[in-house]
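Residue numbers (my numbering): 646 to 917.
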């Protein structure tokens, strides 16, 4: 494998998530932009890579020929055809990283040459602003060296953890889809302030900063969210009255049900 400074990273598929990962590793100095090559069938998504200083192509096999670590970032239903196309170019030196939702390591290993080092990764949308939550799992031929390299690269996009593959669908329900739950809560939070007379633009900004600050306190203090929540409440104060309304609306149970529903759906998609 090349030295870290000369690592060549490829992307087969050039959508928003692929660009977010590329942007993260370039900004963090993990990989030179000139050492990244992205492929897509049309120019529609390649412009963002070109703006970053990366090279682009319409040929998927060229990515395999020029790069050692290759992210497969196509839509899941397109991946089997892409794997069939690139398989002849895959060697034992390659590290293949799938970002396709629902495509298992077993399926990837069946469709690639025997002995291929395969990993499966599940990022979430905030990777595009380097504040993502990413989990990954290794295939049977990927070792500690490949896992350490991938974790080093993806840590540039936010939190990155290696997990058993069985956790990936749970991560989808918690964090992949969970971003939308947070947006919905942020919208409701801001609209509550608008109802009480605050301008919408200011309410949205304060709601976002409130979520950002609360999340940062969880990460930096290591405290359980319940402990931090309790710290905000004072006897007979504003917060406990507001929390009572949220409990009457079954907020916790509803969110737990949402995570369960999204996880179950992710598992269903993986069984197709």
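Note that beta-carbon positions come from the ideal geometry of N, C-alpha and C, so glycine has one too.
Span separating the alpha-carbon of residue 861 from that of residue 854: If you take the alpha carbons of residue 861 and residue 854, they lie about 10 Å apart.
Between which two residues does the beta strand (DSSP E) carrying residue 761 extend? Element bounds for residue 761: n/a, residue is neither H nor E.
Nonlocal neighbours in the same chain, by C-beta distance under 6 Å from residue 852, ignoring five residues either side: For residue 852, where only same-chain residues beyond five positions count, the Cβ hits under 6 Å are 831, 834, 835.
Residue 792 versus residue 885: straight-line alpha-carbon distance, rounded: Inter-residue distance for residue 792 and residue 885 is about 45 Å (C-alpha atoms, whole angstroms).
Just the C-alpha distance for residue 708 and residue 902, rounded to the nearest angstrom, thanks. In a straight line, the C-alpha of residue 708 is about 41 Å away from that of residue 902.
Sub-8 Å separation of residue 777 and residue 803 beta-carbons: Yes, the pair counts as a contact, with Cβ atoms nearer than the cut-off.
Starting from residue 743, follow its DSSP beta bridges and name the residues at the other end. For residue 743, the beta-bridge partners assigned by DSSP are 717, 765.
Inspect the CB distances between the region 757–764 and the region 676–692 and report whether three or more fall short of 8 Å. Between the region 757–764 and the region 676–692, the count of C-beta pairs closer than 8 Å stays below three; the two stretches do not touch.
What number of angstroms, rounded off, separates the C-alpha of residue 649 from the C-alpha of residue 675? Residue confidence for residue 649 is low, a pLDDT of 44 falling below 50, so the modelled location carries little weight; the figure read from the coordinates is stated next. Answer to the nearest angstrom: the Cα atoms are 8 Å apart.
Based on DSSP bridge pairs, tell me the residues matched to residue 683. Looking at the DSSP assignment, residue 683 forms a beta bridge with 656, 701.
Nearest to residue 751 by CA position, among 771, 725, 805, 826, is which residue? If we check each option's Cα against that of residue 751, 725 comes out closest.
So for residue 806, helix, strand or coil by DSSP? For residue 806, the secondary structure class from DSSP, reduced to helix, strand or coil, is strand.
With DSSP as the reference, please indicate the residues paired to residue 777 in a beta bridge. Bridge partners of residue 777: 803.
Taking C-beta to C-beta, are residue 712 and residue 655 nearer than 8 Å? Going by C-beta atoms, residue 712 is nearer than 8 Å to residue 655.
My output table needs one value for residue 787: the three-state DSSP class, helix, strand or coil. DSSP places residue 787 in the coil class of the three-state scheme, outside both helix and strand.
Nearest residue (CA-CA) to residue 705, options 696, 697, 698, 723: A check of alpha carbon separations from residue 705 across 696, 697, 698, 723 identifies 723 as the nearest.
Apart from the five residues on each side of it in sequence, which residues of its chain come closer than 7 Å, Cβ to Cβ, to residue 822? Apart from sequence neighbours up to five positions away, the residues of its chain that approach residue 822 with a beta-carbon distance below 7 Å are 907, ordered along the chain.
Buried/exposed call for residue 841, threshold 16 Cβ in 10 Å: Within 10 angstroms of the beta-carbon of residue 841 lie fewer than 16 other beta-carbons, which makes it exposed.
How many Å lie between residue 735 and residue 904 at the Cα? C-alpha of residue 735 to C-alpha of residue 904: approximately 37 Å in a straight line.
Rounded C-alpha distance that separates residue 807 from residue 867: Rounded to the nearest angstrom, the two C-alpha atoms are 19 Å apart.
8 Å Cβ cutoff met for residue 700 and residue 681: Yes; because the gap between Cβ atoms is below 8 Å, this pair is in contact.
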